[in-house]
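J.: First residue of the sequence shown? That's 54 in our numbering, and the numbers climb one at a time after it. All C-beta atoms in this analysis are idealised placements derived from N, C-alpha and C, irrespective of residue type, glycine included.
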Amino acid sequence: MTNHALLAQDVPARSPRSVYCFAVHAVAEPDVMPRVLELFAKRNLIPASWHSIVTHDRNGNEELQIDIQIQQLETRIADHIARCLRQIANVQTVLTSEKGYSNSAIGA
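What follows is the structure, encoded as structure tokens:
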């Protein structure tokens, strides 16, 4: 048996983790991004990923699209954050999803 095989046996299996994804569409206004980020910051959460872009909607109006991913977030907290996001001025749509993965799937 190789050292690699021994190490694999000694390490206990970790439980699967999940990533919560938030897709926020809003009117492109300067105050939207800090208000969105504030909801995570006041819960001491740092997004694993944050991507934002200004595009144009079907009517030619500027639209801010923000995609956020947070690891290991409880479902009830994710649902609460989504409800709070929907209450922010100029936010038009908030979509959420959860994706699960295991450590072996990400090469850990």
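From residue 124 to residue 116, what does the alpha carbon distance come to, in whole angstroms?
T.: Looking at the two C-alpha atoms, the distance is approximately 26 angstroms.
J.: For residue 108, tell me which candidate among 85, 118 and 122 has the shortest Cα-Cα distance.
T.: 118
J.: Taking the beta strand (DSSP E) that residue 117 belongs to, which residues open and close that run?
T.: 115-124
J.: Grab me the residues of residue 152's own chain with a C-beta within less than 7 angstroms of its C-beta, minus the 5 sequence neighbours each way, in chain order.
T.: 71, 72 and 74
J.: Is the segment 135-142 touching the segment 98-105, taking contact as three or more C-beta pairs under 8 angstroms?
T.: The segment 135-142, when compared against the segment 98-105, does not touch it at the 8 angstroms Cβ threshold.
J.: May I have the straight-line CA-CA distance separating residue 145 from residue 76, to the nearest angstrom?
T.: If you take the alpha carbons of residue 145 and residue 76, they lie about 11 angstroms apart.
J.: Could you give the first and the last residue of the continuous beta strand (DSSP E) run that contains residue 106?
T.: 102-109
J.: Going by C-alpha to C-alpha distance, which of 149, 83 and 129 sits closest to residue 122?
T.: 149
J.: Nearest-angstrom Cα distance between residue 106 and residue 131?
T.: Looking at the two C-alpha atoms, the distance is approximately 22 angstroms.
J.: For residue 91, which residues of its own chain have a beta-carbon under 6 angstroms away from its beta-carbon, when the five flanking residues on both sides are left out?
T.: none
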